[in-house]
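> Once you've had a glance at the structure underneath, I'll fire off some questions.
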Amino acid sequence: MMIYKEAKKYFYKTLLFIPLVGMIYVTILFGILFYIIPDIETSYSLGHIDKMKLLNKEGKKIVLLGGSNVGFGFNSNLIKEEFNEYTVINAGTRAGFGMRFSLKEISKKLKKDDILIIMPEYNHFSDDSKGYGGIDLLDIIKYRKSIKNITIREIYYCILNIKSYFLNQINSGISNKLYGKIFVYDRRGYNKNGDYIEHYKFPIINNLKGQVIFMKKIDNSILTFFYKEKIKLEKNGVIVFFFPPVLQNSSANLSIKTLKEIEKKMKNNKTPFSDKIENYYLEDKYFYDTIYHLNKEGAKIRTEKVIKKLKVLIDKE
5 MMIYKEAKKY FYKTLLFIPL VGMIYVTILF GILFYIIPDI ETSYSLGHID KMKLLNKEGK
65 KIVLLGGSNV GFGFNSNLIK EEFNEYTVIN AGTRAGFGMR FSLKEISKKL KKDDILIIMP
125 EYNHFSDDSK GYGGIDLLDI IKYRKSIKNI TIREIYYCIL NIKSYFLNQI NSGISNKLYG
185 KIFVYDRRGY NKNGDYIEHY KFPIINNLKG QVIFMKKIDN SILTFFYKEK IKLEKNGVIV
245 FFFPPVLQNS SANLSIKTLK EIEKKMKNNK TPFSDKIENY YLEDKYFYDT IYHLNKEGAK
305 IRTEKVIKKL KVLIDKE
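Positions in the sequence shown are counted from 1; adding 4 to them yields the working numbering.
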């Protein structure tokens, strides 16, 4: 009986001790994040903060949302010319923010008659990521001193990878000094609409080889999330469309089965892509430094494709 009581007492002490140690650990790590790791005000990720401010503008808006496939992928002025009654905002920044964070951030800023075009990267559908963000969110946490719209899972992942983030900040500090001399990712590279254009000044970095987009399993929870958010927005009078991301043609050819499965699941989820995914496979020559990042000419072609389809969709509304 005595052994049982001692074991029970030890169990409850342990139960209290583990979360206490966890809280202390998290407090120390966030102290390091806020007060020791250097601030880089020109960090590429902080373009997100500037884009959120753009959403405060009055009047009707067309908002483009996704990761860097969107940030690097549009000429928003062309959309404005066709739909001049709207303010056009490119809200795409990093795929590493995850679609859950990005969509929650933007949803409360949208109003009746706004148009939201969501273009997730294909990896957002992977069961490995489930559309959650990673260490890129540490820039947002550090800048805001807030974890608003960031999930417990994302905070946990950030904590595990804070060492990598520290090294990234050091590299970002070096890149900051090279801005304008060579191509670097930088907050200042976005134009007034949120399009990333800094790379237009520089030659394509390398000849990109096709990459296989592979996932063991397509995640159903991100599909459910998309559907629920779409319903909420539409109840508030926001018009929501899902478009496929742009993708390097050689990578698409290596990944047809996976891409088609995603397209099928989006349709079955009542959040279908508004256009065929193959319409957004572009020749390799239109990509800059990744299979998702377009150069100037590629951004123009992709924008024109979206405009053409958007005209048809708006006429049906």
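Glycine included, C-beta positions come from ideal geometry on N, C-alpha and C.
What alpha helix (DSSP H) runs, 4 residues minimum, are completely inside the stretch 113-195?
Whole alpha helix (DSSP H) segments, 4+ residues: 141-148, 156-164, 166-182.
> Is the number of C-beta pairs between the stretch 130-147 and the stretch 101-117 that are closer than 8 Å three or more?
Touching, yes.
> Looking at Phe197: is its Cβ nearer than 8 Å to the Cβ of Ile93?
It is worth fixing the name first, because residue 197 is Asn in this sequence and not Phe. Yes, the Cβ-Cβ distance between Asn197 and Ile93 is below 8 Å.
> Tell me which residue opens and which closes the beta strand (DSSP E) that Val92 is part of.
Val92 -> beta strand (DSSP E) spans 91-94.
> Evaluate contact between the stretch 148-162 and the stretch 245-257, counting only Cβ atoms and requiring at least three cross-stretch pairs below 8 Å.
Verdict: no, contact absent.
> According to DSSP, is Leu263 part of a helix, a strand, or is it coil?
It is helical.
> Assuming Tyr48 contacts Ile66 (C-beta within less than 8 Å), just tell me the rounded distance between them.
Their Cβ separation, rounded to whole angstroms, is 23 Å, which puts Tyr48 and Ile66 out of contact at 8 Å.
> What three-state label does DSSP hand Ile311 in the structure shown?
Three-state DSSP puts Ile311 in a helix.
> Just verifying my parser: in three-state terms, what is the DSSP assignment at Phe246?
DSSP places Phe246 in strand when its eight states are reduced to three.
> Tell me the DSSP secondary structure of Gly214 in three-state form.
Here Gly214 sits in coil by DSSP.
> Pop quiz: Asn240 and Lys152 are said to be a contact at Cβ under 8 Å. What is the actual Cβ separation, rounded to whole angstroms?
About 20 Å; that fails the 8 Å criterion.
> For Thr307 and Ile41, what's the separation of their Cα atoms in angstroms?
Rounded to whole angstroms, Thr307 to Ile41 spans 39 Å at the Cα level.
> Can you say whether Gly63 is buried or exposed, counting buried as having 16 or more other CB atoms within 10 angstroms of its CB?
So Gly63 counts as exposed.
> What do you reckon, are the CB atoms on Tyr292 and Phe78 nearer than 8 Å?
No, Cβ-Cβ distance for Tyr292 and Phe78 is not below 8 Å.
> Buried or exposed for Arg131, going by 16 or more other Cβ atoms inside 10 Å?
The residue you asked about is not Arg; residue 131 is Asp in the sequence shown. Answer is exposed; the Cβ neighbour count stays below 16.
> Are Gly70 and Glu158 closer than 8 Å when you measure CB to CB?
Against a cut-off of 8 Å, the Cβ pair of Glu158 and Gly70 comes out as no contact.
> My understanding is that Asp279 touches Lys313, with C-beta atoms under 8 Å, so please give their C-beta distance in whole angstroms.
Yes, they are in contact, since the Cβ atoms of Asp279 and Lys313 sit about 5 Å apart, within 8 Å.
> Strictly by DSSP, which residues pair up with Asn65?
Note that residue 65 is Lys in the sequence shown here, rather than Asn. Lys65 pairs with Thr91.
> So the candidates are Leu50, Ile305, Phe229, Glu301; which of them puts its Cα closest to the Cα of Leu141?
Nearest option by C-alpha distance: Leu50.
> If we call anything under 8 Å between Cβ atoms a contact, is Ile217 one with His128?
Cβ atoms of Ile217 and His128: not closer than 8 Å.
> If Lys234 and Val244 are in contact, beta carbons under 8 Å, what's the gap, nearest whole angstrom?
Right, the Cβ-Cβ distance comes to about 5 Å (below 8 Å), so this counts as a contact.
> Looking at the structure shown, is Lys209 part of a helix, part of a strand, or coil, going by DSSP?
What sits at residue 209 in the sequence shown is Ile, not Lys. Looking at Ile209 - three-state DSSP - the assignment turns out to be coil, as it is neither helix nor strand.
> Grab me the residues of Gln215's own chain with a C-beta within less than 6 Å of its C-beta, minus the 5 sequence neighbours each way, in chain order.
Here the set comprises Ser255, Ile295.
> In terms of residues, what are the limits of the alpha helix (DSSP H) holding Asn81?
Counting along the chain, the alpha helix (DSSP H) containing Asn81 begins and ends at 80-86.
> Report the CB separation of Val188 from Met123 in whole angstroms; it is logged as a contact under 8 Å.
Not really, about 24 Å apart at Cβ, beyond 8 Å.
> Counting only C-beta atoms, is Ser259 closer than 8 Å to chain D at any point?
The displayed structure is made up of one protein chain only, and chain D is not part of it.
> Please classify Asn257 as buried or exposed, where buried requires at least 16 other C-beta atoms within 10 Å of its C-beta.
Its Cβ having fewer than 16 others within 10 Å, Asn257 is exposed.
> Name the residue from Asn283, Arg192, Asn224 whose alpha carbon lies nearest to the alpha carbon of Ile266.
Ranking the options by Cα distance to Ile266, first place goes to Asn224.
> Could you compute how far the alpha carbon of Lys326 sits from the alpha carbon of Ser72?
Residue 326 lies beyond the range of the chain shown here (5 to 321); nothing can be said about it.
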